[in-house]
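To start, the structure under review is shown below, and the notes come after it.
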Amino acid sequence: AHVTQGLREPCNGDACNTTDSYIFGAVTVATGVLGGALGTSLSRRFVDKFPHADPLICAVGMLGSVPCLFIIIFVASSSIPATYVFIFFGELLLSLNWAVLADILLYVVVPTRRATAEALQITVGHLFGDAGSPYLLGVISDAIRSSNPGTHDWNFQSLKYSLILCPFIGILGGMFFLITTRYITEDRKAVERLVEDLQPESYPVPDSSLELSNKRTE
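Numbers in our numbering are just positions in the sequence shown, counted from 1, shifted up by 49.
Below, the structure written as structure tokens:
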């Protein structure tokens, strides 16, 4: 973005300016902490009044981040500060579901399977998220760039156009969370009933055992 705006020379060697990487990393860390804490606070405040509040918080975060993602993509060519502002709000909204999603997973899965459920959720999330998405976006960017001039401007434009996929994934995720609001209450009650049924019954102690215990104490 700096190169396309004429603010910085293209980086053709190893000594490149890494300021943007540090800024983006700092924003990501800050929004991760703030978003996780905010999502937890909202869940504690509303879950007693609205049993389906948890997936609704996740849906609001996902769908609310979509406009920010669109604005980031198209504002990056004209204003770097505005881009960082919308990155902050977009990542903050995306981070709302971190702790809340883990909590949902724990109370809709029976205790004996919770560790497996958490492991599967983390594996699938990273597989299609931070592990697979860079490759997919790179493939799309390369396909766009191959049919256009090999200039620095088109290198940036092709990457920007490939990122348009992200808002649509956000819409899809938000829709799934909205669907979850219809079933979350019944699923939670079903797990609670199952856990209650699995509790060991308490049997009365036979009188003979009590007499034997009294004799030993005497």
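Where a beta carbon is used, it is the ideal one built from N, C-alpha and C, also for glycine.
Keep in mind the model is a prediction, meaning the values are calculated, not measured.
Residue i burial status per 10 Å Cβ neighbour count (16 or more: buried)
i	result
D103	buried
I122	buried
E140	buried
F205	buried
F135	buried
I233	buried
V78	exposed
G219	buried
P198	exposed
P130	exposed
L261	Caution is warranted here: a pLDDT of 44 is assigned to L261, below 50, making its placement in the model unreliable, and no coordinate value can be reported.
G178	exposed
G222	buried
Through-space distance from residue j to residue i, alpha-carbon basis
i	j	result
P183	R242	43 Å
I213	G187	13 Å
E167	A151	8 Å
L185	K209	13 Å
M111	S195	32 Å
F137	S127	17 Å
R265	K98	Here the model assigns R265 a pLDDT of 49, short of 50, so the residue's position is not dependable and the matter cannot be decided.
S258	D246	Confidence at S258 is low in this model, with a pLDDT of 47, below 50, so the placement of that residue should be treated as unreliable; the coordinate-derived value is given next. Between S258 and D246, the C-alpha separation is close to 28 Å.
I171	C117	25 Å
C215	V173	17 Å
G181	H175	8 Å
Min CB distance residue i to chain C below 7 Å
i	result
G88	In summary, chain C is missing from the structure at hand, where a single protein chain is found.
Cβ-based neighbour list, residue i, same chain, cut-off 6 Å, excluding 5 preceding and 5 following
i	result
P160	none
A164	none
Alpha helix (DSSP H) segment containing residue i, residue limits
i	result
G178	Segment: none, G178 is in no alpha helix (DSSP H) and carries neither H nor E.
F99	That residue, F99, is in no alpha helix (DSSP H); it is neither H nor E in DSSP.
T67	Element bounds for T67: n/a, residue is neither H nor E.
I153	N146 to Y156
T132	I129 to L143
P160	Here P160 belongs to no alpha helix (DSSP H), and DSSP marks it neither H nor E.
Chain-order list of residues whose beta-carbon lies under 7 Å from that of residue i (same chain, five-residue window excluded)
i	result
T237	Thr is not the amino acid found at residue 237; the sequence shown has Arg there. Once the five neighbours on either side are set aside, the close Cβ partners of R237 are Y156 and V157.
T271	Look at the range of the chain in this structure, 50 to 267, and you will see that residue 271 is not part of it.
Neighbourhood of residue i by C-beta, 8 Å cutoff - its chain only, sequence neighbours within 5 removed
i	result
T132	A50, I121, V124 and A125
V254	Per-residue confidence for V254 stands at a pLDDT of 46, beneath the threshold of 50, marking its modelled position as unreliable; the derived number appears in the next sentence. Nothing meets the Cβ criterion.
V96	A102 and D103
S92	A102, D103, I106, A148, V149 and D152
A75	none
L154	R163, A166, E167 and Q170
Residue i CB to nearest heavy atom of the ligand GDP below 6 Å
i	result
I129	No copy of the ligand GDP appears in this structure; indeed no ligand is present at all.
Does the stretch 147-163 come close enough to the stretch 82-92 to have 3 or more Cβ pairs within less than 8 Å?
yes
Can you find at least 3 beta carbon pairs, one from the stretch 185-205 and one from the stretch 69-77, that sit closer than 8 Å? no
Practice item. Decide if the stretch 226-233 is in contact with the stretch 90-105; the criterion is three or more beta carbon pairs, one per stretch, under 8 Å apart. Key: yes
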